[in-house]
């Protein structure tokens with residue numbers, strides 16, 4: 620008895636390669652002109668704050684909205700298309716455009732009322748200060 624490795628996606632992969640040869644571009648979504656996309660983020664905790672840094676190259680500050688509601692930080696925005704056609708009339712669009720949305724649950728120690736955001740060189744930095752920790756207080760016991 621011969622054992623044959625089953626490749627359920629082999630036919631689809633073969634079709635994709637043939638399609639790419641026929642069309643002349645990648646069929647993995649790179650040629651999509653306007654789709655939703657997800658910016659990459661780094662989240663770190665520092666002594667006094669939390670920081671969310673999101674890569675949003677090509678997005679203008681006016682096209683970014685940051686909100687905090689019910690313990691959830693929401694970052695949304697849009698990268699607009701800069702469609703340019705060559706002299707021969709051919710066009711190739713590989714960079715994703717369209718809207719994006721990221722949500723993060725804020726820790727209980729976050730001060731949602733003091734969140735600040737700034738956009739510099741294609742990076743959105745959201746600074747979330749920590750609330751001061753409550754210190755235990757001593758309660759004196761009085762004799763009856």
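Numbering (this note's numbering), first residue to last: 620 to 763.
No residue lacks a Cβ here, since even glycine has one placed at the ideal position from N, Cα and C.
Taking Cβ positions, are residue i and residue j nearer each other than 8 Å?
i, j, result
"residue 750", "residue 728", "yes"
"residue 723", "residue 671", "yes"
"residue 745", "residue 685", "yes"
"residue 725", "residue 683", "no"
"residue 656", "residue 715", "yes"
"residue 674", "residue 741", "yes"
Roughly how many angstroms lie between the CA atoms of residue i and residue j, to the nearest whole one?
i, j, result
"residue 660", "residue 676", "12 Å"
"residue 748", "residue 688", "15 Å"
"residue 667", "residue 759", "32 Å"
"residue 738", "residue 658", "14 Å"
"residue 731", "residue 678", "24 Å"
How would you label residue i, buried or exposed, when you count the other beta carbons within 10 angstroms and need 16 or more for buried?
i, result
"residue 734", "buried"
"residue 662", "exposed"
"residue 694", "buried"
"residue 698", "buried"
For the beta strand (DSSP E) containing residue i, name the first residue and the last one.
i, result
"residue 710", "That residue, residue 710, is in no beta strand (DSSP E); it is neither H nor E in DSSP."
"residue 674", "668-674"
"residue 735", "735-739"
"residue 746", "742-748"
Which one or two residues does DSSP pair with residue i in a beta bridge?
i, result
"residue 688", "691"
"residue 716", "Per DSSP, none; premise fails for residue 716."
"residue 660", "673"
"residue 731", "Answer by DSSP bridge pairing: none, since residue 731 is not bridged."
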